[in-house]
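Worksheet: the structure to be examined is printed underneath.
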Amino acid sequence: MSVKSTEDFKERILRLKKEKNAVILAHYYQQGEIQDIADYVGDSLALAQIAEKIDAPVIVMCGVHFMGETVKILCPDKTVLVPDMEAGCSLADSCDASDFEKFIKEHPGHTVISYVNTTAAVKALTDVVVTSGNAREIVESFPKEHPIIFGPDKNLGNYINGITGRNMVLWDGACHVHEKFSVDKIIELKKQYPEAKILVHPECKKPLQIIADKVGSTAVLLKYAKESGYDTFIVATESGILHQMKKSCPDKTFIAAPSTDSTCGCNECNYMKLNTMKKLYECLKNESPQIHVDASLIEKARRPIERMLELSKQIKK
Ligand code: 13P
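Printed below as a string of structure tokens:
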């Protein structure tokens, strides 16, 4: 029998999930229907924290490849699936491990802090991993004059340098989705919605961070939308987050911030959107594609992730 509608997929995914005792994780940037069927939806930090505690033989990570790798590193004995292996990340791609190793050698004595949007090979070269949800606090856990390399996102790195008064050495990487938002178009939009608050992910460029009412990770922006008391928001991060924002605050208005690309009104990550209900169903059925990471790499990459999780326990939000 052929599987056709979202409802059919939903039913079959739930049945397979039960049969295989699987857990589905989804990032806020996934398609709405995938977020709705997931056991846990969250930002990069929350998903890593949840993955560490999962007690199930099969985990499906609905996100991009580095997120699947992070889960596998934290849960090496489990079967970790991603619906589409082609779901990459421009930021992770902007930081090749051998180039990063050279960069580290050019800056002896520096502690290496890497954003979670990196390959396992880059994490293995790192002292402590951060996400946009804990970068400030983790950087501030080091003395002010302590020399630090921060990679690969230069916009997040610049933002953290600015708010902490540091001068970390930055790797020159960026996310193609967050770099494309148009400040001019957002200012125009603000004229139409003068009461709107501008929500900005720290992977966006500095001019956008400057006009923001709130800068933060997807979870921080969602919390602000829910709790701030304002009703209208222009949202400058991947548009998948709007699903959760609208779901949590059905009476509020959320407008996807426009990008410089005139052909589209918002910004979507084409990698994140490669995952579909059909592929989620098929990956659970076939237990493929699976994430594989070399045991020696797991050992090296696990340390800086665990250090992040340990340091994050002390953060009060
Ligand atoms: P979050 O830390 O907000 O989940 O950011 C994830 C991400 O990949 C942004 O590009």
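Residue numbers (the numbering used here): -2 to 314.
Each residue gets a CB set at the ideal place from its N, CA and C atoms; glycine is no exception.
1) Are the beta-carbon atoms of Ala48 and Leu78 separated by less than 7 Å?
2) Pick out whichever of Leu42, Glu235, Leu271 has its Cα sitting closest to the Cα of Tyr112.
3) Under 7 Å, do His173 and Ser236 count as touching if we go by C-beta distance?
4) Run the CB neighbour count on Leu257, radius 10 Å, all protein chains shown included, and call it buried at 16 or more, exposed below.
5) Assign Phe6 to one of two classes, buried (16 or more other C-beta atoms within 10 Å of its C-beta) or exposed (fewer than that).
6) Using alpha carbons as the reference points, say which of Tyr278, Lys297, Ser285, Ser293 lies closest to Ile34.
7) Closer than 6 Å by C-beta to Ile21: which residues in its own chain qualify, once you throw out the five before and the five after it? Chain order, please.
8) Give the secondary structure of Thr128 by DSSP, where H, G and I count as helix, E and B as strand, and everything else as coil.
9) Compute the beta-carbon to beta-carbon distance between Asp150 and Ala171, rounded to the nearest angstrom, for a pair I have assumed lies under 8 Å.
10) For Ile231, does the three-state DSSP call read helix, strand or coil?
11) Assign Asp81 to one of two classes, buried (16 or more other C-beta atoms within 10 Å of its C-beta) or exposed (fewer than that).
12) Measuring CB to CB, does Cys266 end up less than 7 Å from Tyr26?
13) Tell me, please, which residues DSSP counts as bridged to Lys194.
14) For the alpha helix (DSSP H) that Gly62 lies in, which residues bound it at each end?
15) Does Met(-2) come out as helix, strand or coil in the three-state DSSP assignment?
16) Is the separation between the beta-carbon of Asn272 and that of Cys59 shorter than 7 Å?
17) Can we say the stretch 141 to 150 touches the stretch 96 to 113, given the rule of at least three CB pairs closer than 8 Å?
18) Would you call the CB atoms of Phe230 and Lys243 closer than 7 Å?
19) Buried or exposed: where does Pro191 fall if 16 or more other Cβ atoms within 10 Å of its Cβ makes it buried?
In brief:
1) no
2) Leu42
3) no
4) It should be pointed out that residue 257 corresponds to Thr in this sequence rather than to Leu. With fewer than 16 Cβ atoms within 10 Å of its Cβ, Thr257 is classed as exposed.
5) buried
6) Comparing alpha-carbon positions, the option among Tyr278, Lys297, Ser285, Ser293 lying closest to Ile34 turns out to be Tyr278.
7) If we look at Ile21 and ignore the five residues flanking it on each side, its Cβ neighbours are Ala35, Asp36, Val57.
8) coil
9) 6 Å
10) strand
11) Around the beta carbon of Asp81, a 10 Å sphere encloses 16 or more other beta carbons of the protein chains shown; the residue is thus reported as buried.
12) Contact flag set, yes.
13) Phe230
14) Per the sequence presented here, residue 62 reads as His, with Gly not at that position. First-last of the alpha helix (DSSP H) with His62: 62 to 71.
15) Confidence in Met(-2) is poor, its pLDDT being 45 and thus under 50, which makes the residue's placement unreliable; the coordinate value appears in the next sentence. In the structure shown, Met(-2) sits in coil (DSSP, three-state: anything other than H, G, I, E or B).
16) yes
17) yes
18) No, they are not a contact pair.
19) With fewer than 16 other Cβ atoms within 10 Å, it is exposed.
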